[in-house]
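To start, the structure under review is shown below, and the notes come after it.
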Amino acid sequence: MNFSGPLAESILLILFAAALACFAGVSYVLDYHWRTYGFDAGKIRTMRTIYYLGGCFLLLAMGLSYLVYAP
Amino acid sequence: MIEIHEGEAVIAELRRHWFVFVAQAAFLVAFVAAPVLAVFLLEQLAGFVLDPNHEALVIFFSAAWLLLSWIIFFIMWTNFYLDAWFVTDQRIVDIEQWGLFNRQVSECRLDRIQDVTVDVDGIVPTALRFGDVHVQTAGEAREFLLGNVPDPYAVKDIIFRAQDAALRRARNADESLETGH
């Protein structure tokens, strides 16, 4: 099976956009919960930082690999 | 966050035992490892070879899969962390967090508690000392369930001690009213 060409690039772009939208949407809801119901502000802050760092790193990896694949 | 009344003190803040979260996280680890295992099996059984020229594609899909797992992990952690019980010197507050969009907060006054039952069921809960605490309240069909809490016998003692203190305070207040002091 050969996964290449403009169709493959479009699929990857759509997947990347979906991942970005999913991360943004879930982040918004999680952040709302953490801000509203967070009992221990220090612990919540730490988890929030880890969450955003990890998520942004993975999105960056997706974005860069897309650019390498479809320059 | 719970709203603390004036003069009220939180005696205990309880959450499920860490083992419950670890058990859930173990499924997530299997979920993360599934594609790696699938590719390995395909290579071994069907002679499938991953094209080395498509490294970028492999990184793209791996990152997407990890991102999905990352999001699921934090949803699980949020559910675990926000699902809590508070024992104060006046009441028990039970916060049930189901997913991201379902949250239930209920409370019962300590003077309405009739009996408390501890249920430690199984090898792992016995070894790691966690279990359920059932709190039966008077006049209501509802039973409070503090599920999989660490050291449930200590929790039962905390509730009974808090209830004794609350009843004593109520009795003293009644006597003061009667005597006018």
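Which chain is which? The protein sequence lines are A and L, in order.
For the numbering used here, add 9 to where a residue sits in the first sequence, where the first one is 1.
For the numbering used here, add 318 to where a residue sits in the second sequence, where the first one is 1.
All residues carry an ideal CB built from backbone N, CA and C; glycine is no exception.
Thinking just about the alpha-carbon of each residue, which of the options is nearest to the one in residue i?
{"i": "Thr45 (chain A)", "options": "L:His323, L:Leu400, L:Glu361 and L:Ser494", "result": "L:Leu400"}
{"i": "Arg487 (chain L)", "options": "L:Glu321, L:Gly325 and L:Ile320", "result": "L:Gly325"}
{"i": "Phe398 (chain L)", "options": "L:Ala484, L:His335 and L:Gly365", "result": "L:His335"}
{"i": "Ile322 (chain L)", "options": "L:Gln342, L:Asp475, L:Phe349 and L:Arg409", "result": "L:Arg409"}
{"i": "Arg430 (chain L)", "options": "L:Val338, L:Ala341, L:Ala364 and L:Ile477", "result": "L:Ile477"}
{"i": "Asp40 (chain A)", "options": "L:Ala472, L:Val473 and L:Leu418", "result": "L:Leu418"}
{"i": "Leu385 (chain L)", "options": "A:Tyr78, A:Leu76, A:Ala79 and A:Gly72", "result": "A:Gly72"}
{"i": "Ile393 (chain L)", "options": "A:Ser36, A:Leu67, A:Phe66 and A:Glu18", "result": "A:Ser36"}
{"i": "Trp416 (chain L)", "options": "L:Glu425, L:Ile441, L:Ala402 and L:Asp407", "result": "L:Ala402"}
{"i": "Glu425 (chain L)", "options": "L:Ile441, L:Phe404, L:Ser380 and L:Arg333", "result": "L:Phe404"}
{"i": "Ile413 (chain L)", "options": "L:Leu464, L:Leu495, L:Val438 and L:Lys474", "result": "L:Leu464"}
{"i": "Thr455 (chain L)", "options": "L:Ala472, L:Val438 and L:Val434", "result": "L:Val434"}
{"i": "Lys474 (chain L)", "options": "L:Glu496, L:His372 and L:Val438", "result": "L:Val438"}
Do you know how far the Cα of residue j is from the Cα of residue i?
{"i": "Cys31 (chain A)", "j": "Glu331 (chain L)", "result": "33 Å"}
{"i": "Val328 (chain L)", "j": "Tyr61 (chain A)", "result": "32 Å"}
{"i": "Leu485 (chain L)", "j": "Arg479 (chain L)", "result": "10 Å"}
{"i": "Leu375 (chain L)", "j": "Thr396 (chain L)", "result": "32 Å"}
{"i": "Thr444 (chain L)", "j": "Ala341 (chain L)", "result": "16 Å"}
{"i": "Leu16 (chain A)", "j": "His42 (chain A)", "result": "39 Å"}
{"i": "Gly47 (chain A)", "j": "Ser74 (chain A)", "result": "36 Å"}
{"i": "Asn420 (chain L)", "j": "Val38 (chain A)", "result": "12 Å"}
{"i": "Leu446 (chain L)", "j": "Asp469 (chain L)", "result": "9 Å"}
{"i": "Ser387 (chain L)", "j": "Gln481 (chain L)", "result": "43 Å"}
{"i": "Phe366 (chain L)", "j": "Gly64 (chain A)", "result": "31 Å"}
{"i": "Phe337 (chain L)", "j": "Leu22 (chain A)", "result": "39 Å"}
{"i": "Gln432 (chain L)", "j": "Arg460 (chain L)", "result": "12 Å"}
{"i": "Leu360 (chain L)", "j": "Gly14 (chain A)", "result": "25 Å"}
{"i": "Ala364 (chain L)", "j": "Pro353 (chain L)", "result": "15 Å"}
{"i": "Trp383 (chain L)", "j": "Glu18 (chain A)", "result": "18 Å"}
{"i": "Leu428 (chain L)", "j": "Gly51 (chain A)", "result": "30 Å"}
{"i": "Asn490 (chain L)", "j": "Ala33 (chain A)", "result": "55 Å"}
{"i": "Thr406 (chain L)", "j": "Ala343 (chain L)", "result": "31 Å"}
For residue i and residue j, which I take to be in contact (beta-carbon distance under 8 Å), what is that distance rounded to the nearest angstrom?
{"i": "Val423 (chain L)", "j": "Val436 (chain L)", "result": "That belief does not hold up - the Cβ atoms of Val423 (chain L) and Val436 (chain L) are roughly 24 Å apart, past 8 Å."}
{"i": "Val411 (chain L)", "j": "Ile320 (chain L)", "result": "5 Å"}
{"i": "Leu346 (chain L)", "j": "Ile390 (chain L)", "result": "6 Å"}
{"i": "Ala381 (chain L)", "j": "Leu67 (chain A)", "result": "5 Å"}
{"i": "Tyr78 (chain A)", "j": "Phe378 (chain L)", "result": "7 Å"}
{"i": "Gly449 (chain L)", "j": "Asn466 (chain L)", "result": "7 Å"}
For residue i, list the residues DSSP reports as bridge partners.
{"i": "Phe462 (chain L)", "result": "L:Val453"}
{"i": "Val357 (chain L)", "result": "According to DSSP, Val357 (chain L) bridges with nothing at all."}
{"i": "Ser424 (chain L)", "result": "L:Asp412"}
{"i": "Leu363 (chain L)", "result": "Answer by DSSP bridge pairing: none, since Leu363 (chain L) is not bridged."}
{"i": "Ala327 (chain L)", "result": "DSSP output for Ala327 (chain L) lists no bridge partner at all."}
{"i": "Phe448 (chain L)", "result": "L:Pro468"}
{"i": "Thr406 (chain L)", "result": "L:Val328"}
{"i": "Thr435 (chain L)", "result": "L:His452"}
Q.
Tell me which residues of the stretch 463-495 of chain L have at least one Cβ-Cβ distance to chain A shorter than 9 Å, keeping chain order.
A. none
(Q) Any C-beta of chain A within less than 7 Å: which residues of the stretch 443-458 of chain L qualify? (A) none
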